[in-house]
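Undergrad: Sharing a structure, written as structure tokens. Questions coming.
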Amino acid sequence: MNANVAEQLNKKVRSIHSLPTPPVIFQPLLGLLQQPADRVNLKEVTRLVSYDESLAAMCLRIANSPLFGRAKTTESVQAAVLSLGIRRVGDILLTCCMQQMMPRGKWATDPAAFWRHSLGCALVTRKFAEMIEYPDVEKAYVAGLLHDLGIVVNSVTYPEEFSGVLEEAAKMCVPLLVVEEKRLGFTHCESGLILAETWRIPPDIRDVIQFHHGDGGAFDKNPLVSLVHLCDLLCRMRSLGHGYYEAQGVDFAADEAWLVLAQQFPRLAAMDLARFTFDLDAVVGEVTDLVNSIFAPTEAS
Amino acid sequence: MPMAADLQTSAASARGEDLFTDPAYLRIRDVVYQISGIYHAEDKMYLLGGACTRRMAETKAKSPREYLDQLTVRADRDSELRKLLNEITIGETCLFRSQPQIDALKSVILPQLIAEKAQMGYRRLRVWSAGCSTGEEPYTLAMVLLEEREKLLKGWTFEIAATDLNDRSIEIAKAGVYGDYALRNTSAYYRRKYFTPMAGASAGAGEKLQIRDEVKAAIAFSRLNLNDPSKMLFMSGMDIIFCCNVLIYFDGASKRRVVQQFYSNLLPGGYFFLGHSESLFQVNDEFRLVHFPGTTAYWKGPAGKGATT
Numbered sequence: 027m028n029a030n031v032a033e034q035l036n037k038k039v040r041s042i043h044s045l046p047t048p049p050v051i052f053q054p055l056l057g058l059l060q061q062p063a064d065r066v067n068l069k070e071v072t073r074l075v076s077y078d079e080s081l082a083a084m085c086l087r088i089a090n091s092p093l094f095g096r097a098k099t100t101e102s103v104q105a106a107v108l109s110l111g112i113r114r115v116g117d118i119l120l121t122c123c124m125q126q127m128m129p130r131g132k133w134a135t136d137p138a139a140f141w142r143h144s145l146g147c148a149l150v151t152r153k154f155a156e157m158i159e160y161p162d163v164e165k166a167y168v169a170g171l172l173h174d175l176g177i178v179v180n181s182v183t184y185p186e187e188f189s190g191v192l193e194e195a196a197k198m199c200v201p202l203l204v205v206e207e208k209r210l211g212f213t214h215c216e217s218g219l220i221l222a223e224t225w226r227i228p229p230d231i232r233d234v235i236q237f238h239h240g241d242g243g244a245f246d247k248n249p250l251v252s253l254v255h256l257c258d259l260l261c262r263m264r265s266l267g268h269g270y271y272e273a274q275g276v277d278f279a280a281d282e283a284w285l286v287l288a289q290q291f292p293r294l295a296a297m298d299l300a301r302f303t304f305d306l307d308a309v310v311g312e313v314t315d316l317v318n319s320i321f322a323p324t325e326a327s
Numbered sequence: 217m218p219m220a221a222d223l224q225t226s227a228a229s230a231r232g233e234d235l236f237t238d239p240a241y242l243r244i245r246d247v248v249y250q251i252s253g254i255y256h257a258e259d260k261m262y263l264l265g266g267a268c269t270r271r272m273a274e275t276k277a278k279s280p281r282e283y284l285d286q287l288t289v290r291a292d293r294d295s296e297l298r299k300l301l302n303e304i305t306i307g308e309t310c311l312f313r314s315q316p317q318i319d320a321l322k323s324v325i326l327p328q329l330i331a332e333k334a335q336m337g338y339r340r341l342r343v344w345s346a347g348c349s350t351g352e353e354p355y356t357l358a359m360v361l362l363e364e365r366e367k368l369l370k371g372w373t374f375e376i377a378a379t380d381l382n383d384r385s386i387e388i389a390k391a392g393v394y395g396d397y398a399l400r401n402t403s404a405y406y407r408r409k410y411f412t413p414m415a416g417a418s419a420g421a422g423e424k425l426q427i428r429d430e431v432k433a434a435i436a437f438s439r440l441n442l443n444d445p446s447k448m449l450f451m452s453g454m455d456i457i458f459c460c461n462v463l464i465y466f467d468g469a470s471k472r473r474v475v476q477q478f479y480s481n482l483l484p485g486g487y488f489f490l491g492h493s494e495s496l497f498q499v500n501d502e503f504r505l506v507h508f509p510g511t512t513a514y515w516k517g518p519a520g521k522g523a524t525t
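If you're matching them up, the sequences are chains A and B in order. In my numbering, each residue carries its 1-based index in the first sequence increased by 26. In my numbering, each residue carries its 1-based index in the second sequence increased by 216.
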């Protein structure tokens with residue numbers, strides 16, 4: 027991205043009016059999710075949620091989905107926390123927050139497809155993190171959820187150009203990034219970073235947003251980046267991508283991110299990736315159902 | 217290859233009616249394993265039992281013990297054994313069964329192989345459908361490749377070898393006649409272009425279509441036992457091998473051996489496809505697992521490099 031394009035993009039992103047400011051609970055929630063689970067105060071969480079009735083209702087609906095372990099009682103946030111654990115409920119809250127922060131106006135992309143990919147990637151990243159015994163699986167979830175923020179930016183700030191990007195990417199069956207670079211002069215990694223800074227998203231998640239397609243030696247520095255890079259690819263290879271066919275064959279075990287992760291997490295080398303992949307197919311249907319039930323109705327409003 | 221008899225027998229065993237616990241079945245299992253390398257673990261015994269039950273009705277054997285004798289001591293035991301293997305391996309499948317595999321083949325693998333081979337001056341592609349059952353898979357591959365004749369494969373020749381252990385399946389495959397069920401995934405375009413209606417068959421339900429000669433001409437059918445190393449040697453020089461839902465009937469040791477043989481039979485850079493949820497985990501670590509949208513395949517690395525990094 028040349029300096030001119032960068033400046034223009036920066037200005038444009040910072041002046042987006044159609045991107046709502048985060049709900050009041052967003053910042054405290056992010057702070058909460060950065061803490062070890064035993065230091066999180068249940069009262070604090072309940073207080074956060076009670077700020078917003080519709081948020082609480084959506085949160086409870088998600089908590090009842092099989093994807094999140096299905097809370098035994100969904101009548102109160104407090105009960106959901108007891109049943110699912112405080113961090114899991116934090117994830118759900120953040121997911122709802124994200125949905126509320128999404129622009130209501132014109133999208134170049136199908137918002138439901140974006141949600142399927144984001145939520146799918148969050149779930150897959152958490153699953154993958156559990157599999158390789160990554161220490162903070164809930165952070166992995168958050169990173170997966172937010173990694174493609176830049177797509178929202180592009181979709182809203184450059185709706186016409188970005189729908190051209192999507193169209194061409196789908197026609198050529200290539201990754202979005204390739205066409206973004208060619209047609210916009212920047213990618214969703216760069217525009218996502220600007221929004222992440224504006225929203226004061228913590229640095230390790232910001233790395234993921236900026237580097238999940240590689241580059242910058244970020245795989246080495248932050249395992250979270252490698253983790254999301256691989257899971258993003260897995261989702262795109264397993265019907266949880268951007269809604270079009272990407273003609274590529276991915277040799278995960280030869281991917282730089284895989285090699286870096288394998289050094290830090292020995293479980294990766296012994297992992298049955300084929301089986302993990304087959305198991306993902308069960309997630310696809312559930313993610314689609316959840317996105318349809320949670321996000322589609324509000325999208326119309 | 218979901219077996220035709222699978223549904224009936226598994227339902228029966230689910231009801232606990234016949235779990236094929238007679239020791240004679242275990243002996244039959246050993247005989248089958250010795251000959252074909254197909255091993256029926258405990259949870260697969262109902263498949264073997266079902267096959268035996270159907271053969272026993274045919275041979276009038278009154279007990280599994282008597283049928284075992286027919287397989288081992290009678291003069292015509294080889295022919296009966298062949299018939300039993302036919303019964304075990306008979307498959308039920310359809311044309312265009314796995315669209316993600318076809319897409320990966322068309323949009324990633326073919327362009328890649330063609331570019332690589334053209335660079336080395338080759339203009340010939342060899343594909344093997346191993347365990348082709350009644351021909352649905354090789355005919356699908358042939359149609360997909362024929363579609364590329366004027367595009368990717370312009371100026372190229374291709375051959376499809378289609379083999380199966382079951383010679384009754386091979387006969388059905390060669391005839392190339394399919395009904396609605398086998399054609400359920402075949403689009404109108406392909407039906408019109410590559411099939412002719414069977415003369416005398418009534419329109420509508422029960423209509424049968426026959427594959428055209430130009431498709432048949434692209435395929436060489438033959439009977440082959442994957443467990444016969446000397447025969448496997450003839451199948452070398454392959455670019456792509458499909459072996460879908462065949463290895464599931466093999467035990468670990470013979471699976472490893474057969475897969476190693478497939479690996480050798482592939483040219484460097486070649487691809488190996490398994491069925492929808494089959495994996496080579498702990499079967500072979502030379503092949504590299506490659507993900508395509510909606511499907512996975514195994515890749516033999518390029519020449520001169522170790523297959524694993």
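Where a beta carbon is used, it is the ideal one built from N, C-alpha and C, also for glycine. Note that this is a predicted model, so its numbers are computed, not measured.
Would you kindly work out how many angstroms separate the C-alpha atoms of A/R262 and A/G170, rounded to a whole number?
TA: So the alpha carbons of these two residues sit roughly 13 Å apart.
Undergrad: What would DSSP say about B/R340, mapped onto helix, strand or coil?
TA: Strand, per DSSP.
Undergrad: State yes or no: is the C-beta of B/D383 within less than 8 Å of the C-beta of B/R439?
TA: Yes, the pair counts as a contact, with Cβ atoms nearer than the cut-off.
Undergrad: Taking CB distances under 8 Å as the criterion, tell me whether A/D300 reaches chain B.
TA: Residue identity differs from the one stated: residue 300 of chain A is Ala in this sequence, not Asp. True, the Cβ-Cβ gap to chain B drops below 8 Å.
Undergrad: Only counting the same chain, and skipping five residues up and downstream in sequence, which positions put a Cβ closer than 7 Å to that of A/T314?
TA: Around A/T314: R142.
Undergrad: Thinking C-alpha only, which one of A/G211, A/C147, A/L285, A/V178 is nearest A/L306?
TA: Nearest of A/G211, A/C147, A/L285, A/V178 to A/L306, Cα basis: A/C147.
Undergrad: So does the region 105-123 of chain A actually touch the region 71-87 of chain A, counting three or more Cβ pairs closer than 8 Å?
TA: The region 105-123 of chain A, when compared against the region 71-87 of chain A, does touch it at the 8 Å Cβ threshold.
Undergrad: Excluding five sequence neighbours on each side, which residues of the same chain lie with their C-beta closer than 8 Å to the C-beta of B/R472?
TA: Taken in chain order, the residues that qualify are V499, N500.
Undergrad: Which of the three DSSP states is assigned to B/G486 in this structure?
TA: In this structure, B/G486 counts as strand in the three-state DSSP scheme.
Undergrad: Look up B/S345 in the DSSP assignment and give the residues it is bridged to.
TA: DSSP lists B/A378, B/F458 as partners of B/S345.
Undergrad: What's the call for B/F565, buried or exposed, on a 16-neighbour Cβ count within 10 Å?
TA: No statement about residue 565 of chain B is possible, as the shown extent of chain B runs from 217 to 525 and does not include it.
Undergrad: Assign B/R504 to one of three DSSP states: helix, strand, or coil.
TA: Three-state DSSP puts B/R504 in a strand.
Undergrad: Assign B/T512 to one of three DSSP states: helix, strand, or coil.
TA: Strand.
Undergrad: Tell me where the alpha helix (DSSP H) around A/L59 begins and ends.
TA: Note, A/L59: alpha helix (DSSP H), 52-60.
Undergrad: For B/N401, I'd like the list of residues in its chain whose CB is within less than 7 Å of its CB, leaving aside the five on either flank, ordered along the chain.
TA: Within the same chain, B/N401 has close Cβ partners C310, L311, F312, R313.
Undergrad: Can you tell me which residues form a DSSP beta bridge with B/Y394?
TA: Answer is B/L425.
Undergrad: Kindly list, in the order they appear in chain A, the residues whose Cβ is closer than 9 Å to that of B/D319.
TA: Ordered by position in chain A, the residues that pass the 9 Å Cβ test against B/D319 are Y271, A273.
Undergrad: Could you tell me the alpha carbon to alpha carbon distance between A/P137 and A/F237, rounded to whole angstroms?
TA: Rounded to whole angstroms, A/P137 to A/F237 spans 23 Å at the Cα level.
Undergrad: In the DSSP output, which residue or residues are listed as bridge partners for B/I435?
TA: BP columns for B/I435 point to B/I376.
Undergrad: Shorter than 8 Å from the beta carbon of A/V276 to some beta carbon of chain B?
TA: For A/V276, the answer is yes, since a Cβ of chain B falls inside 8 Å of its Cβ.
Undergrad: Determine the DSSP secondary structure at B/F466, reduced to helix, strand or coil.
TA: Three-state DSSP puts B/F466 in a strand.
Undergrad: Taking three-plus beta-carbon pairs below 8 Å as touching, is the region 289-299 of chain A in contact with the region 151-164 of chain A?
TA: A contact exists between the region 289-299 of chain A and the region 151-164 of chain A.
Undergrad: Starting from the C-beta of B/L284, find all residues in its chain whose C-beta is less than 6 Å away, skip the five residues before and the five after it, and write them out in chain order.
TA: Contacts found: A240, R243, I244.
Undergrad: Note down the Cα distance separating B/T225 from B/M261, rounded to an integer number of angstroms.
TA: With a pLDDT of only 41 at B/T225, under the threshold of 50, the placement of this residue in the model should not be trusted, and no figure is reported.
Undergrad: Strictly below 9 Å CB to CB, what residues from chain A border B/W515?
TA: Near B/W515 (Cβ distances below 9 Å), the residues of chain A are G275, D277.
Undergrad: Going by DSSP, what residue range makes up the alpha helix (DSSP H) through B/P354?
TA: Its alpha helix (DSSP H) spans residues 352-363.
Undergrad: Would you mind working out which of B/R504, B/A277, B/K424 sits nearest B/Q476, comparing C-alpha positions?
TA: That would be B/R504, whose Cα lies nearest to the Cα of B/Q476.
Undergrad: Count the other CB atoms within 10 Å of the CB of B/P484; is the residue buried (16 or more) or exposed (fewer)?
TA: Classification of B/P484: exposed, given that the 10 Å Cβ count is below 16.
Undergrad: Report, in whole angstroms, the separation of the C-beta atoms of A/S189 and A/A134, which I expect to be a contact under 8 Å.
TA: Indeed they touch by this definition, with Cβ atoms about 4 Å apart.
Undergrad: Give a yes or no on whether 8 Å exceeds the smallest Cβ distance from A/C199 to chain B.
TA: So yes, A/C199 belongs to the interface.
Undergrad: Which whole-angstrom value describes the C-beta separation of B/H507 and A/F278, a residue pair presumed to lie in contact below a C-beta threshold of 8 Å?
TA: Right, their Cβ atoms sit about 7 Å apart.
Undergrad: In chain B, which residues lie with their C-beta within 8 Å of the C-beta of A/T303?
TA: What A/T303 touches in chain B: H507, T512.
Undergrad: Which same chain residues end up closer than 6 Å to B/L388 when comparing Cβ atoms and leaving out the 5 residues on each side of it in sequence?
TA: It should be noted that the sequence gives Ile, not Leu, for residue 388 of chain B. So the qualifying residues of the chain are T350.
Undergrad: Using 10 angstroms around the beta-carbon of B/V289, count the other beta-carbons present and answer buried if the total reaches 16, otherwise exposed.
TA: Burial call: exposed.
Undergrad: Which residues mark the beginning and the end of the beta strand (DSSP E) in which B/T412 is found?
TA: Counting along the chain, the beta strand (DSSP E) containing B/T412 begins and ends at 411-413.
Undergrad: Going by beta-carbon coordinates alone, are B/A346 and B/C268 separated by less than 8 Å?
TA: Not closer than 8 Å, so no.
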